[in-house]
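Below is one structure, written out as structure tokens, with a few remarks after it.
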Amino acid sequence: MAKGYDTELKLFIDGEWIGAEGRDTHEVINPATGEVLGELPLATPADLDRALDAAARGYRIWRAKSAAERGNVLAGAARLLRERMEKIATIATLEEGKTLPEAKGELMMAVGLFEFYAAEAQRLYGRVLVRPAGFRSLVVKEPVGPVAAFCPWNFPIGNPGRKLGAAIGAGCSIIIKPPEEAPGSAIEVLKCLLDAGLPREVASCVFGLPDLVSRHLIASPVIRKVSFTGSVPVGKHLMKLAADGAKRTTMELGGHGPVLVFDDADLDRTLDLLVPHKFRNAGQVCVSPTRFYVQEGIYDRFAREFAARAEKVTLGSGLDPAVAMGPMANPRRPEAIEAFVADAVKVGARALTGGERGGGSSDAGFFFRPTVLADVPLEARVMNEEPFGPIALMRPFKTFDEAIEQANRLPFGLAAYCFTENGRRAMLLGDAIESGMIGINTTMIGGADSPFGGVKESGHGSEDGPEGLEACTVIKAIHQG
Numbered sequence: 004m005a006k007g008y009d010t011e012l013k014l015f016i017d018g019e020w021i022g023a024e025g026r027d028t029h030e031v032i033n034p035a036t037g038e039v040l041g042e043l044p045l046a047t048p049a050d051l052d053r054a055l056d057a058a059a060r061g062y063r064i065w066r067a068k069s070a071a072e073r074g075n076v077l078a079g080a081a082r083l084l085r086e087r088m089e090k091i092a093t094i095a096t097l098e099e100g101k102t103l104p105e106a107k108g109e110l111m112m113a114v115g116l117f118e119f120y121a122a123e124a125q126r127l128y129g130r131v132l133v134r135p136a137g138f139r140s141l142v143v144k145e146p147v148g149p150v151a152a153f154c155p156w157n158f159p160i161g162n163p164g165r166k167l168g169a170a171i172g173a174g175c176s177i178i179i180k181p182p183e184e185a186p187g188s189a190i191e192v193l194k195c196l197l198d199a200g201l202p203r204e205v206a207s208c209v210f211g212l213p214d215l216v217s218r219h220l221i222a223s224p225v226i227r228k229v230s231f232t233g234s235v236p237v238g239k240h241l242m243k244l245a246a247d248g249a250k251r252t253t254m255e256l257g258g259h260g261p262v263l264v265f266d267d268a269d270l271d272r273t274l275d276l277l278v279p280h281k282f283r284n285a286g287q288v289c290v291s292p293t294r295f296y297v298q299e300g301i302y303d304r305f306a307r308e309f310a311a312r313a314e315k316v317t318l319g320s321g322l323d324p325a326v327a328m329g330p331m332a333n334p335r336r337p338e339a340i341e342a343f344v345a346d347a348v349k350v351g352a353r354a355l356t357g358g359e360r361g362g363g364s365s366d367a368g369f370f371f372r373p374t375v376l377a378d379v380p381l382e383a384r385v386m387n388e389e390p391f392g393p394i395a396l397m398r399p400f401k402t403f404d405e406a407i408e409q410a411n412r413l414p415f416g417l418a419a420y421c422f423t424e425n426g427r428r429a430m431l432l433g434d435a436i437e438s439g440m441i442g443i444n445t446t447m448i449g450g451a452d453s454p455f456g457g458v459k460e461s462g463h464g465s466e467d468g469p470e471g472l473e474a475c476t477v478i479k480a481i482h483q484g
């Protein structure tokens, strides 16, 4: 293992940590250096069957526990996450690339969710219906059952945390498949839950060929709910698999975040918020601000000053405290961004800064320079497909209606951002934009108590908040005469 990568890469099934012996493996790579961090065992069909059997038994055990008992486990895991912050954040930085402060912030997101669900588990209220004397009708919320949860690589602590926290808080068992590129973080989050007293049958952690694992788990009658965070095409594929068993789904899919900047916006404050938010995690964030529509009176100044700030973003290893942006998470991402830039420039976009690989601490790392493109034509691929990288796209607009038309133009609807000092306009923007989350004069659009999810092809259902817990429940009406 590389220095600081202090975790054991193993499967966890039915209370047992399982190594690579007799199984295929996947190399886990440090994206800042290209160094191999370790070998990850991949689950066999027999392993998956064993995980399903454990989930069925674990569900019967866990649903019988009181809300207070479930909350105690989540609260205990939150305390352990805090205590182990330095270790877990370092693992996340080494395997995914983001800066250490970002990884610590992500860990605190998981802490907040565990603490919130620990309390919210005791607020899964039903209701008593009004009936004549001698009759009683109750509406109750019950755990949906065993959950199959699939996580992406861009938030290797937070995404497993939100899926584990909701299922466990609601009384469900869960089989989680974290990403093979960044597995160690999820393993450590699960260890915190187990060390806090989670019965070992309740949660399993598997890795493997994504298509094999997803088909096997979703086809099983044991699984009652599928939760997925990732791309639109994969989400649609999993929904089709889930439909065969009429399974409930929560889908947090891709985005292409529009940003509307009006000419009355506080420009310096807007730039102070947007530039670091754009290049957070090298732009590999589903809610990343991407399409910047700027009112024409301030367009040139905004684009120029945005590019000047982007040029000052320091690249390198996420463990270096002087670095503001780490590498991209895998070799596929720089290649994809390079192709997007080439296409955009070909059809008429102007590159104000960046647009090329490199700039990091190692030639073997997967670095791409912060990139700003101005006057990007609508026909450019990057204006229509989620780039998922450190690239900001600029276009001017004249009127409010034109800005709304452009913001709502794509089939995505995950996150949007607006900047204006006009209170009436701010209210109209909140109503008019088709998005699951909207930030007005802020980039803070999430919180443990707030639903996180999109509309249109960006998915359905919510994670986080009371809505995230309720997504792991079903409604039952009980009538007694």
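So the sequence shown is residues 4 to 484, counted in this note's numbering. Glycine included, every Cβ here is placed at the ideal spot set by N, Cα and C. Here the structure is a predicted model, which is why all the values come from computation and not from measurement.
Item                                                                                                                                                                                      : Value
Going by beta-carbon coordinates alone, are residue 178 and residue 151 separated by less than 7 Å?                                                                                       : yes
Tell me the DSSP secondary structure of residue 398 in three-state form.                                                                                                                  : strand
So, at 6 Å on beta carbons, what are the nonlocal neighbours of residue 481 in its own chain, with the 5 sequence-adjacent residues on each side left out?                                : 141
Could you check whether the stretch 259-278 touches the stretch 296-308, counting it as contact only if at least three pairs of C-beta atoms, one from each stretch, sit closer than 8 Å? : yes
Would residue 156 be called buried (16 or more neighbouring beta carbons within 10 Å of its own) or exposed?                                                                              : buried
Since residue 440 sits in a beta bridge, which residues does DSSP pair it with?                                                                                                           : 418
Among the residues of its own chain, which have a CB less than 8 Å from the CB of residue 42, if the five just before and after it don't count?                                           : 12, 23, 28, 29, 30 and 31
Compute the Euclidean distance between the alpha carbons of residue 253 and residue 246, then round it to the nearest angstrom.                                                           : 13 Å
Just list the residues that DSSP pairs residue 189 with in beta bridges.                                                                                                                  : DSSP, once it has assigned bridges, lists no residue as partnering residue 189.
Confirm, please, whether the CB-CB distance from residue 235 to residue 256 is below 7 Å.                                                                                                 : yes
By alpha-carbon positions, which one of 348, 352 and 284 ends up nearest to residue 336?                                                                                                  : 284
Which residues in the same chain as residue 92 place their Cβ atom closer than 7 Å to its Cβ, once the five residues preceding and following it in sequence are excluded?                 : 103, 106, 107 and 110
Tell me, which residues are paired with residue 208 by DSSP?                                                                                                                              : 15 and 179
Do residue 61 and residue 472 have their C-beta atoms within less than 7 Å of each other?                                                                                                 : no
Leaving out the 5 sequence neighbours to the left and right, which residues in its chain are closer than 8 Å to residue 317 when beta-carbon positions are compared?                      : 325, 326, 327 and 328
Terminal residues of the continuous beta strand (DSSP E) containing residue 298?                                                                                                          : 292-298
Just tell me which of 409, 47 and 361 has its CA closest to the CA of residue 397.                                                                                                        : 409
Measuring alpha carbon to alpha carbon, tell me which residue in 153, 136 and 125 is nearest residue 143.                                                                                 : 125
Which same chain residues, not among the five before or five after residue 149, have their C-beta less than 8 Å away from its C-beta?                                                     : 55, 58, 59, 61, 62, 175, 176, 177, 178, 225, 226, 227 and 228
Would you say residue 380 and residue 358 are within 7 Å of each other, going by their C-beta atoms?                                                                                      : no
Determine whether the beta carbon atoms of residue 205 and residue 65 lie at a separation below 7 Å.                                                                                      : yes
With residue 231 as the anchor, note down where its beta strand (DSSP E) starts and where it stops.                                                                                       : 228-232
Mind checking which residues open and close the beta strand (DSSP E) that includes residue 40?                                                                                            : 39-44
Give the secondary structure of residue 243 by DSSP, where H, G and I count as helix, E and B as strand, and everything else as coil.                                                     : helix
Rounding to the nearest angstrom, what Cα-Cα distance links residue 330 and residue 241 in this structure?                                                                                : 29 Å
Using only alpha-carbon positions, find the residue among 390, 468 and 211 that is nearest to residue 45.                                                                                 : 211
From this set, 404, 5, 453 and 258, which residue's C-alpha is nearest residue 431's C-alpha?                                                                                             : 404
Pick out whichever of 145, 166 and 146 has its Cα sitting closest to the Cα of residue 154.                                                                                               : 166
Anyone know if the C-beta pair for residue 139 and residue 483 falls short of 7 Å?                                                                                                        : yes
Whose C-alpha, out of 323, 372, 334 and 213, is nearest the C-alpha of residue 344?                                                                                                       : 372
Please report how far the alpha carbon of residue 51 lies from the alpha carbon of residue 163, in whole angstroms.                                                                       : 18 Å
Please classify residue 33 as buried or exposed, where buried requires at least 16 neighbouring CB atoms within 10 angstroms.                                                             : buried
Taking the alpha-carbon of residue 392 as reference, which of 415, 360, 112 and 77 has the nearest alpha-carbon?                                                                          : 360
Compare the Cα-Cα distances from residue 422 to each of 368, 477, 274 and 307 and report the closest residue.                                                                             : 274
Less than 7 Å between the C-beta atoms of residue 190 and residue 10, yes or no?                                                                                                          : yes
Tell me, which residues are paired with residue 328 by DSSP?                                                                                                                              : 318
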